[in-house]
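Engineer: First the structure, which I've put down as structure tokens, then a few questions once you've had a look.
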Amino acid sequence: MREVKRGVSQEEAQQHEPGCQIGQVPVTVGRRGFLRGAALGGLGLAASGVLGGTLGTAPSSSAASAAGNAPAKAVHQWAMVIDLRNCNGCKLCTTACQTAHYLHEDQTWINVFTMQNAAGESYYMPRPCMMCEDPPCVPVCPVKANFRTEDGLTLVDQSRCIGTRICMNACPYQARYFNWRAPRPAPRQPFPQEPAWPVPQVEGTVGKCVDCAAMLPSGKLPECVSHCPMGVLYLGDLETDVAVNGLGNTVELSQFLADNDAVTFKESYGTHPRVFYIPGHGQALDTDAADG
Amino acid sequence: MSDDNPSTGAGGSPGADGVQLPEPAVRPDVRAAAMRPVLETPRWWWPTVLVLGAIVILGIVAWVVQVVDGLGVAGYNNQAFWAVYEADLVAFIGVSYGGAVVSAILRLTKATWRAPLTRIAEATALVTLPVGMLFIIPHLGSPWRIWELVWPPYWNLSSPILWDFFAVSTYLLATAVFFYLPLIPDLKIAQQWLDPDRRGLRARTCRRLYRVLGGNWDGSAPQRRLLHGAIGLVAIMIIPMAVSVHSVLSFAFASSSRAGYAETIFPVYFVVAALYTGVALVVLSVAACRRLWHLEAFIHPRHFVRLGFVMIAFGAVYLYLTFTEYLVDGYSGTTDDAAWVRQVLVGHYWIPFWFYFVAAGVVPLLIMAIRRTRSAKGVLVASGLVVFAMWVKRLVIVIPPATEPLVRSPLAASGVLAGSWGSYHFTWVPISITVAATAAIPLLMLVVFRFVPILPIFEMEEADAEEPARTAAAPAPPPAPALAGQGVGTFSAATRSSPLPDMGSGPPPTLGGANLAHGTPPCSGGVTATGGSW
Ligand code: SF4
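Residue numbers (our numbering), protein chains in the order written: chain W, 198 to 489; chain P, 508 to 1041.
The structure is reproduced here in structure tokens:
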């Protein structure tokens, strides 16, 4: 597992760990806490860490320290930005995800689709879970195995899922993958098997992209983001308004989206995705390999 | 286990518990025929049960294999997340609707001709509904967690699957009640027919069953009124329940954004399909029972033809709904809708779709439209086609939208949609499970009729008692074949009388004995000696 940067000092982590809550919508009782250190961890620090470590500048402390002193409440609203101008279709994000989560080949939690635009040019479109603000997959589950956390992640409780697959029907993005057979065996993981880190997968249940939720509090970027050699994928936080990609580029999220006319996928479905696409067809690449 | 049959006409002896029932001065053959499956063990009985049982066991083995190896062995994949079990669930629950139609709708419309068919129809419903519900188990990826569905703290009331679960469970209860109520008087009669000296496990079970379930029925006027009222009430209640079950089942598909599932027509579509196949299955099971237990004197070719008319009415509506759905979706030309309509009509799924169209759309209509084929045999052929082809149609409803690519280029060059269709491949596992469920239906029917009378004795005798008035007016009943064409007319004539069965409002029925004392044939009208001729 590659780590971008440890954004949180041990001391800070310990200081804030106990006060953290598990947030989720809709309300169910007893959901396991997966975002320990939600009050401080995460993107602001990740960003500052990247800046400090990779680019050698002083960490920007504003967002991070503000977050650190906040009450025990989710202060992040995770989002993703996918810059299609840079995607060359190498699918390293997919393989990194499958390696980290011990997935079978057909379980492409982040799937790179080959698309075609009106000019007949083909381009590549990575599709993780959209982490919809209004996720259609959540209300259809008969046993509340799907839930949405306070910081905007849709997760699956694989210890409860009974495998009706109605959420696979509901998701308009085909982002859900079933475990049709025994999962790939996984060695001991740094996190327990929980919705935020569903490794190994559980046979007979649904799995999907979790934005590597268990890694975010400690300032690590999701596997796909950190493994994208083109810097296509950004992890963003709507709360602190920053986004960072695997190359260490940090941007002001809202400005970046506005400047580049970002769109969401299937807006008309009312899902309000938290994955923002910057339209393009790989034109920012040096080669024109991505064209038709 | 002795197979001796009490001599016909000995029905009036006091029951084992001493309840003195009114002397049934009725022709004994209704009772004898109704009790024959309980009292006699024909030569074919055990071999049939063993063969059917073996098929069921094979299905269970297939399910165990699936549990061990995962749902993948049933041919499922991420591009075909719903397929055969979901179609089975819809189809098998659907065929249970025949009971509701024959017993509730025809009862409420006072179609008295239905009387000899009700018990078989209700038993079919009672048997197919649990079999259909059992498809939840292979459908689930983690069937060992099925208890979560009955564990209220886990309930997510916004889930259509949970609505299904509630609706189907309620319907099962109602079906059981509906089977039971008209059975109460019959159980007392059956008790008398069972030889008190008869030994063996089944005889003991029967006796206990009759005693416990028969209650304190003595056929008195207040009891009759109560029973009629209760049956009428359940008949009214079971219709909205039946409608709700398949509507809600369709919501599991329709309450999504997926093209081909997100259809407002789906609830109606599903309900009509269920009624259509339900009547078809009643035809098949009535025909089988008639042949196996020699009920030719009570169930006539005209019964089949009338059921055929009821069936084809639903079939025509279903064909119309299919047409509108495909036309509107295809015509609108939205990328997703047009894509699946094309897949179904001329693409990957054209064979099953057109098979449905011919076998359950056009051919049954023609069979009923052409005078020469409008016979019991014709209806039987049509019903067989309908039951199978409508199962295929359910596959066509379930599978194409599930395999549709949802991420594709809206701006793709014309005619080319990026994104590839997935597909479902049958394996032996779902086929054995489906065949096992199919075999379970006759198996369970055989078992049910080892314990309860196959004809609704009480109801038929009551119908006979009411009959003379009508037969007197028309003393020359037309022969059976000619009646075929008049089925509809008789149906509407019966409808005219009263919209509801007498729920205590009509003249109080006379005491059982007096009422049963008429000596008219059990199945009035065209009882010409046509038994078994078709
Ligand atoms: S993209 Fe699909 S799986 Fe992810 S939150 Fe939205 S509906 Fe649910």
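Quick reminder that beta carbons are idealized off the backbone N, C-alpha and C, glycines included.
Fair warning: this is a prediction, and the values are worked out from it, not measured in the lab.
From Arg732(P) to Gly739(P), what distance separates their C-alpha atoms?
Structural biologist: Their Cα atoms are separated by approximately 10 angstroms.
Engineer: Does the beta carbon of Tyr374(W) fall short of 6 angstroms from some heavy atom of the ligand SF4?
Structural biologist: Checking every heavy atom of the ligand SF4 against the Cβ of Tyr374(W), none is found closer than 6 angstroms.
Engineer: Straight-line CA distance for Leu714(P) to His735(P)?
Structural biologist: The question names Leu, but residue 714(P) in the sequence shown is Arg. In a straight line, the C-alpha of Arg714(P) is about 25 angstroms away from that of His735(P).
Engineer: List the DSSP bridge partners of Gln313(W).
Structural biologist: Partner(s): Ser319(W).
Engineer: Say whether chain P places a C-beta atom closer than 7 angstroms to the C-beta of Asn366(W).
Structural biologist: Taking Cβ atoms only, chain P reaches closer than 7 angstroms to Asn366(W), which makes this a yes.
Engineer: Does the ligand SF4 have a heavy atom nearer than 6 angstroms to the CB of Tyr370(W)?
Structural biologist: Yes; taking the cut-off as 6 angstroms, the Cβ of Tyr370(W) has a heavy atom of the ligand SF4 nearer than that.
Engineer: Find the residues of chain P that neighbour Cys338(W), judging by a C-beta separation of less than 7 angstroms, and give them in chain order.
Structural biologist: Per Cβ cutoff of 7 angstroms: Asn663 and Ser666.
Engineer: For the region 712-746 of chain P, which segments carrying the beta strand (DSSP E) assignment without a break, of at least 3 residues, lie completely within its bounds, in sequence order?
Structural biologist: The qualifying runs do not exist here; there are none.
Engineer: Which residues in the same chain have their Cβ closer than 8 angstroms to the Cβ of Gly467(W), if we skip the five residues on either side of it in sequence?
Structural biologist: Excluding positions up to five away in sequence, the list reads Asp331.
Engineer: Which whole-angstrom value describes the C-beta separation of Leu720(P) and Leu694(P), a residue pair presumed to lie in contact below a C-beta threshold of 8 angstroms?
Structural biologist: Sure, about 5 angstroms apart at Cβ, within 8 angstroms.
Engineer: Tell me whether Val403(W) sits in a helix, a strand or coil according to DSSP, three-state version.
Structural biologist: Strand.
Engineer: So, using beta-carbon positions, are Ala383(W) and Ala410(W) closer together than 7 angstroms?
Structural biologist: No.
Engineer: For a contact meaning CB atoms closer than 9 angstroms, what does Arg901(P) contact in chain W?
Structural biologist: Chain W residues near Arg901(P): none, gap ~16 angstroms exceeds 9 angstroms.
Engineer: Need the endpoints of the alpha helix (DSSP H) that Phe811(P) sits in, please.
Structural biologist: Taken as a continuous stretch (DSSP letters only), the alpha helix (DSSP H) holding Phe811(P) covers Pro808 to Ser839.
Engineer: Relative to the C-alpha of Val353(W), which candidate in Val407(W), Asp458(W), Gly286(W) and Pro470(W) has its C-alpha closest?
Structural biologist: Closest by alpha carbon: Val407(W).
Engineer: Buried or exposed for Val955(P), please, with buried defined as at least 16 other CB atoms from any protein chain shown within 10 angstroms of its CB.
Structural biologist: That one is buried.
Engineer: Which residues does DSSP list as the beta-bridge partners of Arg324(W)?
Structural biologist: The partner list for Arg324(W) (beta bridge, DSSP) reads Asn308(W).
Engineer: So what does DSSP say about Ala804(P), is it helix, strand or coil?
Structural biologist: Correct three-state label for Ala804(P): coil.
Engineer: Residues of chain W with CB under 7 angstroms from Trp589(P), in chain order?
Structural biologist: Ordered by position in chain W, the residues that pass the 7 angstroms Cβ test against Trp589(P) are Arg362 and Asn366.
Engineer: From the DSSP output, in three-state form, read off Arg881(P) for me.
Structural biologist: Residue state, collapsed to three classes: coil.
Engineer: If we define contact as Cβ-Cβ less than 7 angstroms, is Ser763(P) a contact residue for chain W?
Structural biologist: Chain W contact via Cβ: present.
Engineer: Please list the terminal residues of the continuous beta strand (DSSP E) segment that includes Ile564(P).
Structural biologist: Per DSSP, Ile564(P) belongs to no beta strand (DSSP E); it is in the alpha helix (DSSP H), Trp552 to Asp576.
Engineer: Taking buried to mean at least 16 other C-beta atoms within 10 Å of its own C-beta, is Ile567(P) buried or exposed?
Structural biologist: It counts as exposed.
Engineer: Distance, Cα to Cα, Thr945(P) vs Arg849(P)?
Structural biologist: Taking the straight line from one Cα to the other gives about 32 angstroms.
Engineer: Using Cβ-Cβ distances below 8 angstroms, what residues of the region 296-307 of chain W are close to chain P?
Structural biologist: The residues in question are Asp303 and Gln304.
Engineer: Cys334(W): beta carbon under 6 angstroms from a heavy atom of the ligand SF4?
Structural biologist: Checking every heavy atom of the ligand SF4 against the Cβ of Cys334(W), one is found closer than 6 angstroms.
Engineer: Would you please verify whether the beta carbon of Met427(W) is less than 7 angstroms from any beta carbon of chain P?
Structural biologist: Not one chain P Cβ lies under 7 angstroms of Met427(W).
Engineer: What separation, rounded to the nearest whole angstrom, lies between the Cα atoms of Leu596(P) and Ser727(P)?
Structural biologist: Straight-line Cα distance between these residues: approximately 43 angstroms.
Engineer: Hey, quick one: how far does the alpha helix (DSSP H) through Ile363(W) stretch, first residue to last?
Structural biologist: That run of the alpha helix (DSSP H) goes Ile363 to Ala367.
Engineer: Can you grab the Cα-Cα spacing for the pair Trp651(P) / Gln398(W), in whole Å?
Structural biologist: Answer to the nearest angstrom: the Cα atoms are 17 angstroms apart.
Engineer: If you measure from the beta carbon of Ser649(P) to each beta carbon in chain W, is any gap under 7 angstroms?
Structural biologist: By this cut-off, Ser649(P) is an interface position.
Engineer: For Trp800(P), count neighbouring Cβ atoms within 10 angstroms of its own Cβ and tell me buried if that reaches 16, exposed if not.
Structural biologist: Classification for Trp800(P): buried.
Engineer: In whole angstroms, what is the alpha-carbon distance linking Trp275(W) and Met328(W)?
Structural biologist: Taking the straight line from one Cα to the other gives about 8 angstroms.
Engineer: Could you check the C-alpha separation between Met312(W) and Tyr474(W) for me, to the nearest Å?
Structural biologist: For Met312(W) and Tyr474(W), the distance between alpha carbons rounds to 14 angstroms.
Engineer: Where does Gln355(W) sit, in a helix, a strand or coil, going by DSSP?
Structural biologist: If DSSP states are grouped into helix, strand and coil, Gln355(W) belongs with coil.
Engineer: Assign Leu708(P) to one of two classes, buried (16 or more other C-beta atoms within 10 Å of its C-beta) or exposed (fewer than that).
Structural biologist: Leu708(P) is exposed by the Cβ-count criterion.
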